[in-house]
Structure formats: C-alpha cells, structure tokens
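Engineer:
2 protein chains.
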Amino acid sequence: ELVGGVHPVKDLDHARHWLDLVSRRARGGIAIRRRAVVVGGGYIGVEMAEAMVQRGFSTTLLTRSAVMSSLDSDMSERVRETVQAGGVDVITNTTIADIDIDSVDGHVRSVTGSNGQVYPTDVVVLGLGVHPATELGVAAGLPIGERGGYLPNERQEVAEGVWAAGDCCEVIDRIRGKYVLAPLGTHANKQGRICGYNTVGGSHEFPGVLGTAITRFVSAGTHVEVARTGLGSREATEAGYDVESLVTVGGTASGYMPERSPIATKIIADRRTRRLLGVQIVGGAQSAKRIDTAAAVLWGEMSVDDLAAMDLSYAPPFATVWEAIQLAARRLSDRM
Amino acid sequence: ELVGGVHPVKDLDHARHWLDLVSRRARGGIAIRRRAVVVGGGYIGVEMAEAMVQRGFSTTLLTRSAVMSSLDSDMSERVRETVQAGGVDVITNTTIADIDIDSVDGHVRSVTGSNGQVYPTDVVVLGLGVHPATELGVAAGLPIGERGGYLPNERQEVAEGVWAAGDCCEVIDRIRGKYVLAPLGTHANKQGRICGYNTVGGSHEFPGVLGTAITRFVSAGTHVEVARTGLGSREATEAGYDVESLVTVGGTASGYMPERSPIATKIIADRRTRRLLGVQIVGGAQSAKRIDTAAAVLWGEMSVDDLAAMDLSYAPPFATVWEAIQLAARRLSDRM
Numbered sequence: 001e002l003v004g005g006v007h008p009v010k011d012l013d014h015a016r017h018w019l020d021l022v023s024r025r026a027r028g029g030i031a032i033r034r035r036a037v038v039v040g041g042g043y044i045g046v047e048m049a050e051a052m053v054q055r056g057f058s059t060t061l062l063t064r065s066a067v068m069s070s071l072d073s074d075m076s077e078r079v080r081e082t083v084q085a086g087g088v089d090v091i092t093n094t095t096i097a098d099i100d101i102d103s104v105d106g107h108v109r110s111v112t113g114s115n116g117q118v119y120p121t122d123v124v125v126l127g128l129g130v131h132p133a134t135e136l137g138v139a140a141g142l143p144i145g146e147r148g149g150y151l152p153n154e155r156q157e158v159a160e161g162v163w164a165a166g167d168c169c170e171v172i173d174r175i176r177g178k179y180v181l182a183p184l185g186t187h188a189n190k191q192g193r194i195c196g197y198n199t200v201g202g203s204h205e206f207p208g209v210l211g212t213a214i215t216r217f218v219s220a221g222t223h224v225e226v227a228r229t230g231l232g233s234r235e236a237t238e239a240g241y242d243v244e245s246l247v248t249v250g251g252t253a254s255g256y257m258p259e260r261s262p263i264a265t266k267i268i269a270d271r272r273t274r275r276l277l278g279v280q281i282v283g284g285a286q287s288a289k290r291i292d293t294a295a296a297v298l299w300g301e302m303s304v305d306d307l308a309a310m311d312l313s314y315a316p317p318f319a320t321v322w323e324a325i326q327l328a329a330r331r332l333s334d335r336m
Numbered sequence: 337e338l339v340g341g342v343h344p345v346k347d348l349d350h351a352r353h354w355l356d357l358v359s360r361r362a363r364g365g366i367a368i369r370r371r372a373v374v375v376g377g378g379y380i381g382v383e384m385a386e387a388m389v390q391r392g393f394s395t396t397l398l399t400r401s402a403v404m405s406s407l408d409s410d411m412s413e414r415v416r417e418t419v420q421a422g423g424v425d426v427i428t429n430t431t432i433a434d435i436d437i438d439s440v441d442g443h444v445r446s447v448t449g450s451n452g453q454v455y456p457t458d459v460v461v462l463g464l465g466v467h468p469a470t471e472l473g474v475a476a477g478l479p480i481g482e483r484g485g486y487l488p489n490e491r492q493e494v495a496e497g498v499w500a501a502g503d504c505c506e507v508i509d510r511i512r513g514k515y516v517l518a519p520l521g522t523h524a525n526k527q528g529r530i531c532g533y534n535t536v537g538g539s540h541e542f543p544g545v546l547g548t549a550i551t552r553f554v555s556a557g558t559h560v561e562v563a564r565t566g567l568g569s570r571e572a573t574e575a576g577y578d579v580e581s582l583v584t585v586g587g588t589a590s591g592y593m594p595e596r597s598p599i600a601t602k603i604i605a606d607r608r609t610r611r612l613l614g615v616q617i618v619g620g621a622q623s624a625k626r627i628d629t630a631a632a633v634l635w636g637e638m639s640v641d642d643l644a645a646m647d648l649s650y651a652p653p654f655a656t657v658w659e660a661i662q663l664a665a666r667r668l669s670d671r672m
C-alpha cells in the first residue's frame, strides 16, 4: 500500500494483500463501497480488473494507450469491447493526472484522469509494468541495454564469470535479431536452467524469444481469450518488412458443436519473402492456446503458405475442417 | 442396416439411421433392451461407443488389436483404461467369429468373439475403416497403390488430364516420403481446392501429410482426449530411424488452477539427427489440440531440442511454465 487504498501489483505479498482487501467488507467500521480503479491495460491490469469485477467491485480500467497494447489496434479494440461487455468501464488513451487522498484518514478518494474526468474510488490498483532490477550490476559497472536490462550473450553470461537470468535481462528477439524486454516466467525458467548448466562448465544456449503471450478475461457471461506471438504490424514495418495482414473470424469447433466459440485471427506476413511474422488471436473459450502453433511456425521461420498447408488436427469438437488459424493464413496467402 | 440391427457407419444416412435407432424405445412393440456391440477400435468405433453409452446403451467395444491402434501400445492402453472407466466394456485383440441372427425376426441376437465369448446385443455397430472407392479408375486402367488408392502426383493428377482428391487417393507421408492412406476431411478439402485450381491451369501442389489426428471420448465423469501426429515408434523404427521415446505426464494448466487436467505426452525422436518424428497425447480436457504445435514442428523438420526451447505461451489457466509437450520434449532431449 503506497498510500491508503493505492496498491501496486508486483509480488506475492501484494497478491495476499489484495486477497485480504477484496474479502473485507469494512475498513475501520466504515463499509467498503467496493469501487476500484485499475491503472494499466496490460496483462496485470486486465487480470486485476477481472478479479475486482468478479468480486463485485464497480471497476474502472484506465490505460494510457489501449487495452493489451501489445496487440495491433484492431485486435486490441476487440479485447476492449469484450472487457467492457464484461462489466469493466474501460478508459483508453488516458493517464492519471491526480490521485485525491483524504486528508483526515489518508485514504484514496478518487483518481483524476488526463481527460479531466474524476473517478471516485475506494482502491486503486497500479499495474504499470516492470523495470529490470539492475542496481547491483550498474554499481559494478556492467553494461546495461537501452531498455534497462542486462545484455547476456547466448550463454546468459553478462561479463566474464557473471551470469544473469530472468526479468533483469533483455532477450534477443529471434525475428528482428535485437535485444528486447520480455519479462516472463517461461524465459526466466529456461534461462535459469541454462545458467545452472553453464556455471558448472556446460555450454547451453538460450535461443531467444518470439514475444509469445496469452491471457484471458472471464466475467459473468463473458469469456475472452487473447494471445499473440511474433511481431505486430507496426513492429514488423519498423523492422523493414513489407507487411501484409488480415483478420479472419472463424470458429473453434464445427458449426454444429455446442462448444463452438468465435476466434478472430490476425496474420501478419512479409510480402517479399512470404515469411510469417506474427499472429494475434482474440476469441472465446479454447481459442488462444492455438497461438503455440503459430509460434512453432515462427520458430522454424516458415511461410504463411506453410501455415496454410500444414497437417493440423481436425475433429468436430476441436476445430473446423480448415483450422481457424490455418484458414486465416490461407486467406492472407491468397491475396499476397 | 446389413441385417436386422447390424449397421455400418459410413455416411450421413447411416448417422441419421443411428440417431433414429438410439432415440427409439421400442421396435415393433418390443422394448429395445439397449445393448450395443461396437466393432472396431478406431476413431469411429470409439466415437460410436461414446454415443451409445451416453444414450444409456450397455456397450461393448470389440477391436481386433487395440483401442486407437494408431497410437503406440502404451498410449493406446491409457485410452482403453479411460474408455473402460467411462462405462464401455472394451475387448481387445478380438475379432468377430459369428453374428447370431434370430431366424424368426431376422434381428441380431448376439456377437461371438474370436475369444469364444458370446456378447448378447440388440444392435451392432461396424466401424471397420474405409477403403478407397476406385472401381471407376480400376476399370479405366489407372494405376492403383498398395493400399488400394489412386496415386496422385503433387498436383493431384493421377493421369494426363485426370484428377483425384479425397479418400480415394493415397497421400505422401512427408516424413517417410512414401504413399500412405489417410482418409480425412482436412486432406480431402485441401486437395479439392488444389484440383480446382489446377484443372483450370493452375499449378498448386499438395505438400503431403503428417498423420495428424484427434478425437475424444466423453461419458459421465470421464473426459479423455487423444491426438497423434507423425510416426509412431514402430513406424519410425521400420523407416530406419534410431528411435528414442519417452512418455511424460504433466498438466494442462498451473497446479492451482481448477481447470488443470492431466496430459500424457509421448515424444518420439531420432537419436542420430535429434529430429522430432512423432508426438502422441492422451489427456483430459484442453489437452489434445496441443498436437498442432507438434505438427508444426514436424512440418518444419525441426528437432526435439527446438520443441523444448521454443517460445510457447504461458499463463496459469492455459499451461504450466514449461508447457506440457515442451517439458516432455526437454526430458527426452536430456537423455538423448
């Protein structure tokens, strides 16, 4: 708790604090009115908004750009619509101008947005992202990257005999061949293992990342899943690719199956080489984990035609005859 | 209906007939006792057993080898156990010795297995596989493959100006580079499209198959999903690979998530080249569709190390930090 009612979300202690808070019905004899403002539209922000709305908080999510801004804006807009439909008041392109704290009890009263609006609230969640904790290395004179992280080589060595793993490191984006920040448990876990091997004489290498990520938002009557891998349209264009992209809406199962849910797939490819550059998914239940298939295609530096042609699984409860992401790839392939 | 109560499962008319049959409570004034014998342990057999048991039929499944024999025997045994637990009496390694037909009403009374057992029944389902319907081509003198199908080239042409697509064709297995029979809607659909292009002057090519397949069996309290891609251990050994394989049991979601279900993954690889050759999955809800990730790895001719290292998606409701199929690949990679 930074000040009364204003909470960051960074570690397990914060999570325990939150659980305690949302379970309480009163604070010092005063009933909690159960209004929350979540600041930040990334994975943590969306997941905290879900947690608050599921526990009956009237919830507002403020984000300086878009919800899940690591997606292209058209896909991000699909997420915003469903999160909004799930009961969260989503305010985009808005930062916090002020947090009003009660001078008597020191507790938050409201948040004022850069849009001039005042959002009365009982608690504020700050899900504003993370920065590499590299103070130790900076003090030791180790080189630090543009994004504030250590710059390990393939063996996770940041200097002769000095190893690093996890969120304090920048990682190599395999597609662009440059350092990026991708603080995720999957990379940290793989890197830790590699450090373990290498510090005792091994020669394991971390092969880089694709930028794969997944989340969901579930609220009464709403279930949206979100995933992405590879480059977004803007990232791909900035990297010099001749970007072609297309969003295709399909289904997760055959049309006559009760478990069918919609799945919007955006395919991003390079017109010159036909190489697949990125895939984004926004859909219902059972949609998002398909991103792994796209990740494997990116890992193998395969083309959009490969994705369209490959032998993926089909049975009515699991897919359409043209698997949704494959149909999306085929449609883009056809027009390239 | 071949004779009273004995039904094949080949087309939509058969399916309609079955729906009618299982909905009826009586036949000519006599209550149907609702006992079924399903002959065949493949996809159709297992799915029909599911349909029968869900509709209250006391169901016996007879199969000449194993349940889902396109899996390795250890994985097949996992399927048998769960199908049995789901209420189907599964009899393996047994063919039909006799079908006893009532001489008065012409209706089936029982099935006698090659094991000498008699299985009294009211209906018999024959899910015995399909054969290519190539009579027309045989009459025309077209070449026919070892498995009875047409042998199209990459353009789906079986002779000058003669095109074929679908279950009447053999297809090239990409890994072994030889014709196999893989009658599936996914291939038929892709081939039909290619024929359409090529008959009007196009030059589209069908790139072959991996042998990807998926199914599930759901009954009261039981939900098992099954998928495979690539070569099984025996196929791979016969193809000359130095086969190494391992089954790893993991989870579909983080341990603290209520939606977590078990997933057994068998990884099959070549020790000499470390190339991934095949993957098989038997698990609970949300397990089987992961086979597509493995299929993409096979399509790109990547290694078991690639599968272990690649950037797949993780969030607690969707996976463990080491995605289950990736953990399985890593464990095999470690011992190779």
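Chains as they are written, first to last, in our numbering: chain V, 1 to 336; chain P, 337 to 672. Glycine included, C-beta positions come from ideal geometry on N, C-alpha and C.
Flag this pair as yes or no: are the beta carbons of residue 304 of chain P and residue 641 of chain P separated by less than 9 Å?
Structural biologist: This structure gives no information on residue 304 of chain P, because the portion of chain P shown stretches from 337 to 672.
Engineer: Between V:249, V:214 and V:191, which lies nearest to residue 205 of chain V when the distance is taken from Cα to Cα?
Structural biologist: Here the closest residue by C-alpha is V:191.
Engineer: Do you know offhand how far residue 455 of chain P's Cα is from residue 606 of chain P's?
Structural biologist: So the two alpha carbons sit approximately 44 Å from each other.
Engineer: Report yes if the C-beta distance between residue 551 of chain P and residue 404 of chain P is below 9 Å; otherwise report no.
Structural biologist: For residue 551 of chain P and residue 404 of chain P, yes; Cβs fall inside 9 Å.
Engineer: Should residue 9 of chain V be flagged as near chain P, meaning a C-beta pair shorter than 9 Å?
Structural biologist: It does not: the Cβ of residue 9 of chain V has no partner Cβ on chain P nearer than 9 Å.
Engineer: Would you verify that the beta carbon of residue 390 of chain P is, or is not, closer than 9 Å to some beta carbon of chain V?
Structural biologist: So no, residue 390 of chain P is outside the interface.
Engineer: Which residues, in chain order, does the region 299-317 of chain V contribute to contact with chain P at a C-beta distance below 7 Å?
Structural biologist: Those would be 299, 300, 302, 306, 309, 310, 311, 312, 313, 314, 315 and 317, in chain order.
Engineer: Label residue 467 of chain P either buried or exposed according to how many other C-beta atoms from any shown protein chain fall within 10 Å of its C-beta, with 16 as the threshold for buried.
Structural biologist: Under this definition residue 467 of chain P is an exposed residue.
Engineer: Which residue from P:438, P:413 and P:350 puts its Cα closest to that of residue 429 of chain P?
Structural biologist: That would be P:413, whose Cα lies nearest to the Cα of residue 429 of chain P.
Engineer: Taking only beta-carbon positions, decide if residue 209 of chain V is within less than 9 Å of chain P.
Structural biologist: Chain P, which has a Cβ nearer than 9 Å to the Cβ of residue 209 of chain V, makes this yes.
Engineer: For residue 264 of chain V, write down the residues that DSSP places opposite it in a beta bridge.
Structural biologist: Per DSSP, V:249 and V:282.
Engineer: According to DSSP, residue 7 of chain V sits in a beta bridge with which residue or residues?
Structural biologist: DSSP lists V:125 as partners of residue 7 of chain V.
Engineer: Straight-line CA distance for residue 230 of chain V to residue 389 of chain P?
Structural biologist: Each residue's Cα considered, the two are about 45 Å apart.
Engineer: Do you know how far the Cα of residue 144 of chain V is from the Cα of residue 155 of chain V?
Structural biologist: Straight-line Cα distance between these residues: approximately 17 Å.
Engineer: Quick check on residue 490 of chain P - is its C-beta less than 9 Å from some C-beta in chain V?
Structural biologist: It does not; no Cβ of chain V falls within 9 Å.
Engineer: Would you mind stating whether residue 658 of chain P and residue 186 of chain V have Cβ atoms separated by less than 9 Å?
Structural biologist: Cβ distance < 9 Å, so residue 658 of chain P and residue 186 of chain V count as in contact.
Engineer: For residue 95 of chain V, collect the residues of the same chain with a Cβ closer than 8 Å to its Cβ; drop the 5 residues on either side in sequence, then sort them by chain order.
Structural biologist: Same-chain partners within the cutoff: 62, 64, 113 and 114.
Engineer: List the residues of chain V that residue 448 of chain P touches, going by C-beta distances under 7 Å, in chain order.
Structural biologist: Within chain V, no residue comes near residue 448 of chain P; the closest Cβ sits about 32 Å away, beyond 7 Å.
Engineer: Please compile the residues from chain V whose C-beta is within a distance smaller than 7 Å of the C-beta of residue 407 of chain P.
Structural biologist: In chain order: nothing, as chain V lies at least about 14 Å away.
Engineer: Leaving aside the five residues before and after residue 445 of chain P along the sequence, list all residues of the same chain whose C-beta is less than 6 Å from its C-beta, in chain order.
Structural biologist: 436 and 438, listed in sequence order.
Engineer: In chain V, which residues lie less than 9 Å from residue 548 of chain P when you measure between Cβ atoms?
Structural biologist: Simply 310, 311, 312, 313 and 314.
Engineer: Can a CB atom of chain V be found closer than 9 Å to the CB of residue 379 of chain P?
Structural biologist: Answer yes: the Cβ-Cβ gap between residue 379 of chain P and chain V drops below 9 Å somewhere.
Engineer: Tell me, please, whether the CB atom of residue 178 of chain V is closer than 9 Å to any CB atom in chain P?
Structural biologist: No, its Cβ sits nowhere closer than 9 Å to a Cβ of chain P.
Engineer: Over what stretch of residues does the beta strand (DSSP E) that includes residue 320 of chain V continue unbroken?
Structural biologist: Note, residue 320 of chain V: premise wrong, no beta strand (DSSP E); not H, not E.
Engineer: Comparing C-alpha positions only, which one of P:633, P:561 and P:570 sits nearest to residue 316 of chain V?
Structural biologist: Out of P:633, P:561 and P:570, P:561 has the C-alpha closest to the C-alpha of residue 316 of chain V.
Engineer: Go through its chain and collect everything with a Cβ distance to residue 494 of chain P's Cβ below 8 Å, but skip five positions before and after it.
Structural biologist: 473, 478, 479, 486, 487, 488, 500 and 505.
Engineer: Compare the Cα-Cα distances from residue 421 of chain V to each of V:174, V:308, V:116 and V:59 and report the closest residue.
Structural biologist: This structure gives no information on residue 421 of chain V, because the portion of chain V shown stretches from 1 to 336.
Engineer: So with CB distances below 7 Å, who are the chain P contacts of residue 266 of chain V?
Structural biologist: The premise fails here: residue 266 of chain V is roughly 16 Å from chain P at the closest Cβ pair, so nothing lies under 7 Å.
Engineer: Taking the alpha carbon of residue 106 of chain V as the point to measure from, which residue in V:176, V:3 and V:85 has its own alpha carbon closest?
Structural biologist: Of the candidates V:176, V:3 and V:85, the one whose C-alpha sits nearest the C-alpha of residue 106 of chain V is V:3.
Engineer: Which residue or residues does DSSP assign as beta-bridge partners of residue 178 of chain V?
Structural biologist: Residue 178 of chain V is bridged to V:173.
Engineer: Would DSSP call residue 410 of chain P helix, strand or coil?
Structural biologist: Here residue 410 of chain P sits in helix by DSSP.
Engineer: At 7 Å on the CB atoms, spell out the chain V contacts of residue 567 of chain P, in chain order.
Structural biologist: Those do not exist, as residue 567 of chain P stays about 13 Å from chain V at its closest Cβ, beyond 7 Å.
Engineer: Measuring only the C-alpha atoms, how far is residue 394 of chain P from residue 70 of chain V?
Structural biologist: So the two alpha carbons sit approximately 53 Å from each other.
Engineer: Over what stretch of residues does the alpha helix (DSSP H) that includes residue 297 of chain V continue unbroken?
Structural biologist: Residue 297 of chain V -> alpha helix (DSSP H) spans 291-299.
Engineer: By how many angstroms is the C-alpha of residue 554 of chain P removed from the C-alpha of residue 418 of chain P?
Structural biologist: Taking the straight line from one Cα to the other gives about 10 Å.
Engineer: Measure how close the beta-carbons of residue 188 of chain V and residue 166 of chain V come, nearest whole angstrom, since I'm counting them as under 8 Å.
Structural biologist: Rounded, the Cβ-Cβ distance is 4 Å, consistent with contact.
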